[in-house]
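Here the protein sequences line up with chains A and B, keeping their order. Letter 35 of the first sequence, counting from 1, is numbered 34 in numbering that gives the first Met the number 0, and no numbers are missing. Letter 127 of the second sequence, counting from 1, is numbered 126 in numbering that gives the first Met the number 0, and no numbers are missing. Where is the CB? At the ideal position from N, CA and C, for every residue including glycine. Input: a single structure, listed below in structure tokens.
There are 2 protein chains.
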Amino acid sequence: MPGPYRWRKRVEGHFCRWTMPREAILDLLTRTSQHLTAKEIYASLLQLYPGIGLTTVYRTLDLLEKSGLIKKFNFGRGENRYEFASENKPHHHHLICTKCGQIIDYSDFANEELELVKKTAKHLAEKYKFIVHDHNIEFYGLCQQCQKRQ
Amino acid sequence: MPGPYRWRKRVEGHFCRWTMPREAILDLLTRTSQHLTAKEIYASLLQLYPGIGLTTVYRTLDLLEKSGLIKKFNFGRGENRYEFASENKPHHHHLICTKCGQIIDYSDFANEELELVKKTAKHLAEKYKFIVHDHNIEFYGLCQQCQKRQ
DNA sequence: TTATTAATGAAAATGGTTTTCATTATCATA
DNA sequence: TATGATAATGAAAACCATTTTCATTAATAA
Ligand SMILES: [Mn+2]
Ligand SMILES: [Mn+2]
Ligand SMILES: [Zn+2]
Ligand SMILES: [Zn+2]
Numbered sequence: 000m001p002g003p004y005r006w007r008k009r010v011e012g013h014f015c016r017w018t019m020p021r022e023a024i025l026d027l028l029t030r031t032s033q034h035l036t037a038k039e040i041y042a043s044l045l046q047l048y049p050g051i052g053l054t055t056v057y058r059t060l061d062l063l064e065k066s067g068l069i070k071k072f073n074f075g076r077g078e079n080r081y082e083f084a085s086e087n088k089p090h091h092h093h094l095i096c097t098k099c100g101q102i103i104d105y106s107d108f109a110n111e112e113l114e115l116v117k118k119t120a121k122h123l124a125e126k127y128k129f130i131v132h133d134h135n136i137e138f139y140g141l142c143q144q145c146q147k148r149q
Numbered sequence: 000m001p002g003p004y005r006w007r008k009r010v011e012g013h014f015c016r017w018t019m020p021r022e023a024i025l026d027l028l029t030r031t032s033q034h035l036t037a038k039e040i041y042a043s044l045l046q047l048y049p050g051i052g053l054t055t056v057y058r059t060l061d062l063l064e065k066s067g068l069i070k071k072f073n074f075g076r077g078e079n080r081y082e083f084a085s086e087n088k089p090h091h092h093h094l095i096c097t098k099c100g101q102i103i104d105y106s107d108f109a110n111e112e113l114e115l116v117k118k119t120a121k122h123l124a125e126k127y128k129f130i131v132h133d134h135n136i137e138f139y140g141l142c143q144q145c146q147k148r149q
């Protein structure tokens, strides 16, 4: 019920009404570096905001994604994961451990990668008349811990 | 019940027993250029093999994927899609239309891409002690038809 | 303050996938 | 070729992330 609505101004125009659950969900995502599922977000907010519903979490995540404030990922483990996105935050991709599910953000070789991505996107636009809006790059393998334990 | 079991020899060692459903599913995937869902495979085989069960399709796809004969993709539309994979088949990535779901294979700039991927993988191995086994690149956007209609 | 109606949350529904379990079919062995 | 051990199958039920429904609540404009 409280809430200074820190995000209201930055979010104006995207939403008809700005509410407590929306504030809480967006705020949580801006504070964590993790890639959370809807259930994890729900569980985390339940302490602060006992009345919140999982349905609202799903609906809010959809809205936030559609307005470009967050990004949705499916790392192939059944549930979607979300992370905050903004212009300030540097463009990055993911390293996914196929054993434990750990996700590492990396942005190495961002320039070279961007160059290749741009070039490819331009080429694909010509060859297939396909307009590229976004791209996704991910590496799959084993994290350090999972290499150790066999 | 018939079936010359065309794939048995190439598949030896991966499976305890080679069966009609396994032959049929693998054969279908080698014959199509599409990225099929379990249900699509099931529907397609039902004509040829009326007794087949969707459960078996799911189980077989898991096995085929684990033995590296096919690849599993989640293009963010709820169901997984599968495609045949082999050394002969050139390495490629995907262009996904976010409106109609069409999937286009492309392998342009494969050399440059592979170079960057290798370099990045090596760097990530050093920096994060992460062993890269595979990678995935996809472009999202609008196909030609979907650009036209609106 | 009030009225409008967008947003919420509980419960039920949905849909892809997995599990269970009795039956069937494969294949090594005789 | 016949046989037995057991891997594989398929129908039904369970599972689980997500969506839909609908009565209630709360945000905002007037
Ligand atoms: Mn990330
Ligand atoms: Mn493909
Ligand atoms: Zn790991
Ligand atoms: Zn399209």
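Next item on the list: Taking 8 Å as the threshold, find out whether the segment 94 to 114 of chain A comes into contact with the segment 115 to 131 of chain B through three or more Cβ pairs.
Entry: yes
Check: What do you get for A/Leu-25, buried or exposed, if any count of 16 or more other CB atoms within 10 angstroms of its CB means buried?
Finding: buried
Margin query: Below 9 Å on C-beta distance, what does B/Cys-142 contact in chain A?
Written below: Tyr-127, Lys-128, Phe-129, Ile-130
Next item on the list: Output yes or no for whether 8 Å exceeds the beta carbon distance between B/Gly-67 and B/Ala-84.
Entry: yes
Note to self: Can you give me the C-alpha to C-alpha distance between B/Gln-46 and B/Ala-37, rounded to a whole angstrom?
What the structure shows: 15 Å
Note to self: Quick check: the Cα distance between B/Asn-110 and A/Val-116, rounded to an integer number of angstroms?
What the structure shows: 13 Å
Notebook entry, point to check: Is B/Ile-64 helix, strand or coil by DSSP?
Noted result: In the sequence on display, residue 64 of chain B carries Glu and not Ile. Note: B/Glu-64 maps to helix in three-state DSSP.
Next item on the list: Kindly give me the distance between the Cβ atoms of B/Gly-140 and A/Phe-138, rounded to whole angstroms, as I take these residues to be in contact under 8 Å.
Entry: That pair is no contact at about 22 Å.
Next item on the list: Kindly indicate the opening and closing residues of the alpha helix (DSSP H) around B/Leu-164.
Entry: Nothing about residue 164 of chain B can be reported from this structure: the residues present for chain B run from 0 to 149 only.
Next item on the list: Check whether the Cβ atoms of B/Arg-76 and B/Leu-35 sit closer than 8 Å, and answer yes or no.
Entry: no
Margin query: Closest to A/His-90 by C-alpha separation, out of A/Thr-18, A/Glu-64, A/Gln-101, A/Lys-70, would be which residue?
Written below: A/Lys-70
Next item on the list: Could you round the C-beta distance between B/Leu-44 and B/Leu-27 to whole angstroms and report it? I think they count as a contact, below 8 Å.
Entry: 6 Å
Checklist line | Which of helix, strand or coil DSSP assigns to B/Leu-115 | finding: helix
Note to self: Following a CB-centred definition, is A/Leu-94 positioned closer than 7 Å to any heavy atom of ligand 3?
What the structure shows: no
Margin query: Is the separation between the beta-carbon of B/Met-19 and that of B/Tyr-48 shorter than 8 Å?
Written below: yes
Item checked: Where B/Cys-15 falls, given that 16 or more other Cβ within 10 Å makes a residue buried -> exposed
Notebook entry, point to check: Heavy atom of ligand 1 less than 7 Å from the Cβ of A/Glu-86, yes or no?
Noted result: no
Item checked: Between the CA atoms of A/Leu-94 and A/Leu-63 - distance to the nearest angstrom -> 24 Å
Checklist line | Same chain, Cβ closer than 8 Å to B/Cys-99, five either side skipped, listed in chain order | finding: Cys-142, Gln-144, Cys-145
Check: Would you say A/His-91 touches ligand 1, meaning its beta carbon is less than 7 Å from a heavy atom?
Finding: yes
Margin query: Within a Cβ cutoff of 7 Å, which residues of the same chain sit near B/His-92, ignoring the five residues on either side of it in sequence?
Written below: Tyr-105, Ile-136, Glu-137
Item checked: Chain-ordered chain B contacts of A/Ile-102 [CB-CB under 9 Å] -> The premise fails here: A/Ile-102 is roughly 11 Å from chain B at the closest Cβ pair, so nothing lies under 9 Å.
Next item on the list: Verify the CB distance criterion: does B/Thr-119 have a CB-CB separation below 8 Å to chain A?
Entry: yes
Margin query: Taking CB distances under 8 Å as the criterion, tell me whether B/Glu-82 reaches chain A.
Written below: no
Checklist line | Members of the segment 65 to 82 of chain B that neighbour chain A once the beta carbon cut-off is set at 7 Å | finding: Asn-73, Gly-75
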